[in-house]
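Just so we're aligned: the sequence shown equals residues 587 to 852 in my numbering.
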Amino acid sequence: MTEYLFDADTQEALTPVGHGEWNARVSPMWNIDGVPNGGYLMALCLVAAGQEVSHPDPLSMTSHFVGPTKPGEATVASRVIKRGRSLSVTAVELVQNSRVTVTSLITWGDLSALSGPSGPLRPPPILPENSEMQGGPQERGASTFIERFDFLMPSDMAMGAAGRPTGRAEARGRMRFEDGRPPDLMSVPVFADGFPPAVFQLGHYGWAPTLELTIHFRARPHPGWLTIDLASSHLLEGAFEEDCYIWDSQDNLVAMSRQMGRTLVG
């Protein structure tokens with residue numbers, strides 16, 4: 587048994603049945619308003635697919651959320667599209683009640699083996715000291731996902747997420763597992779899809795389901811807080827895109843992502 591809930595609800599929630607398939611238990615401990623968080627579902631698929639390839643690191647993952655997923659029994663099916671010397675590619679589906687709910691494409695490699703020119707690099711945002719920031723979302727109950735993390739946000743953005751919007755579709759701060767689990771690449775999806783959406787800062791509160799999410803993994807993170815920087819440039823008829831950058835405690839860029847989501851108010 588693992589000491590960390592994320593591992594219990596991903597690694598230990600998967601039972602191999604052969605031929606690239608796993609029986610999966612979708613945990614209710616990562617819900618937003620009673621619905622499993624998309625980043626958690628991506629992580630569940632990522633952990634399963636990683637057992638099918640020899641390369642240690644995901645480099646890119648794109649997931650489409652094609653139907654609702656509920657806590658409970660499910661199946662993860664992974665198919666290796668390519669096995670190469672430097673890269674592998676897998677296609678993964680999360681299936682529940684005979685219906686595909688999440689479909690993903692993942693490219694795998696070895697980040698430690700990459701070499702070549704670097705720069706320019708986007709620096710992390712300048713944030714106040716941790717002691718000068720406020721905690722993040724306070725909603726509990728049906729949103730068990732929030733209880734899995736510690737959040738820190740600048741005062742104006744913390745108030746914006748709670749009902750006093752800043753008027754700018756931007757959000758930034760820090761985030762870590764509440765139980766002390768160090769971040770790693772397998773857990774990046776829950777951070778890429780875990781911060782309060784930037785459109786909350788425009789006053790559009792409510793459920794913001796993800797339609798599609800692409801993550802590019804750039805470095806294995808060091809332990810400690812992760813810095814999150816979100817921005818949305820376009821909100822049109824309730825649909826928005828959101829760009830996310832994630833840095834580790836040593837200011838290394840760990841991942842960047844873009845998702846398309848919808849804001850459902852009322």
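Heads up, the beta-carbon is just placed ideally off N, CA and C, and yes, glycines get one too.
Less than 8 Å separating the beta-carbons of Leu-627 and Thr-655? If you check the CB distance, Leu-627 and Thr-655 come in under 8 Å.
What distance in whole Å lies between the Cβ atoms of Ser-843 and Cys-830, which are believed to be in contact at a cut-off of 8 Å? Between Ser-843 and Cys-830 the Cβ distance is about 5 Å, and since that is below 8 Å, they are a contact.
Integer-rounded CB distance, given that Leu-771 should sit under 8 Å from Phe-803: With a Cβ gap of about 5 Å, Phe-803 and Leu-771 count as contacting.
Where does the unbroken alpha helix (DSSP H) through Met-761 begin, and where does it stop? That residue, Met-761, is in no alpha helix (DSSP H); its beta strand (DSSP E) goes 756-763.
Sort Glu-598, Ser-704, Met-846 and Asp-593 by Cα distance to Thr-800 and report the nearest one. For Thr-800, the nearest C-alpha among the options comes from Met-846.
Ala-629 vs Ser-664 beta-carbon contact at 8 Å: The Cβ-Cβ distance between Ala-629 and Ser-664 does not fall below 8 Å.
Looking only at its own chain, which residues have a Cβ that is under 7 Å from the Cβ of Ile-632, when we skip the five neighbours before and after it? Note that residue 632 is Leu in the sequence shown here, rather than Ile. The answer, listed in chain order, is Pro-644, Met-647, Ile-692, Met-772 and Pro-775.
Considering just the uninterrupted stretch of the alpha helix (DSSP H) at Met-743, what are its terminal residues? Looking at the DSSP string, the run of the alpha helix (DSSP H) that includes Met-743 is 741-748.
Taking 7 Å as the cut-off, does the CB of Ala-594 come closer than this to any heavy atom belonging to the ligand GTP? Among the components of this structure there are no ligands whatsoever, and the ligand GTP is therefore not found.
Could you name the residues of the same chain whose beta carbon sits closer than 8 Å to that of His-790, not counting the 5 residues immediately before and after it, in chain order? Same-chain partners within the cutoff: Leu-821, Thr-849 and Val-851.
Endpoints, the beta strand (DSSP E) within which Tyr-831 is located: Element bounds for Tyr-831: 825-833.
At what residues does the beta strand (DSSP E) containing Met-584 begin and finish? Outside the displayed span of the chain (587 to 852) sits residue 584, for which this structure offers no information.
Cβ neighbour criterion (16 or more within 10 Å) applied to Ser-672: Looking at its Cβ environment, which holds fewer than 16 other Cβ atoms inside 10 Å, Ser-672 is exposed.
According to DSSP, Thr-601 sits in a beta bridge with which residue or residues? Under DSSP, Thr-601 shares a beta bridge with Asn-609.
C-beta atoms of Arg-758 and Leu-713 nearer than 8 Å: Inclusion of Arg-758 and Leu-713 in the CB contact set at 8 Å is warranted, their separation being smaller than that value.
Between which two residues does the alpha helix (DSSP H) containing Pro-775 stretch? 774-778 is the span of the alpha helix (DSSP H), which, as asked, contains Pro-775.
Run through DSSP, which three-state label would Val-675 get? In the structure shown, Val-675 sits in a strand (DSSP, three-state: E or B).
Please determine if the segment 588-600 and the segment 610-622 are in contact, where contact requires at least 3 C-beta pairs separated by less than 8 Å. The segment 588-600 vs the segment 610-622: in contact.
When the Cα atoms are used, what is the spatial distance from Thr-596 to Trp-616? Looking at the two C-alpha atoms, the distance is approximately 11 Å.
Test item: CB-CB of Val-662 and Val-678 under 8 Å: The Cβ atoms of Val-662 and Val-678 sit closer than 8 Å to each other.
Tell me, which residues are paired with Glu-798 by DSSP? Answer is His-650 and Met-846.
Residues near Val-785 in its chain [Cβ-Cβ closer than 7 Å; skip 5 each side]: Excluding its 5 nearest sequence neighbours in each direction, Val-785 has C-beta neighbours in its own chain below 7 Å: Ala-755, Ala-794, Ser-818, Leu-821, Phe-826 and Thr-849, listed in chain order.
Do Arg-734 and Leu-812 have their C-beta atoms within less than 8 Å of each other? Not a contact, by the Cβ cut-off of 8 Å.
Short Cβ contact (8 Å threshold) for Phe-777 with Ile-832: Remark: C-beta atoms of Phe-777 and Ile-832 approach each other more closely than 8 Å.
According to DSSP, residues forming a beta bridge with Thr-661: As DSSP reads the structure, Thr-661 sits in a beta bridge with Asn-609 and Val-681.
Give me whichever residues DSSP pairs with Leu-821 in a beta bridge. Beta-bridge pairing links Leu-821 to Phe-826.
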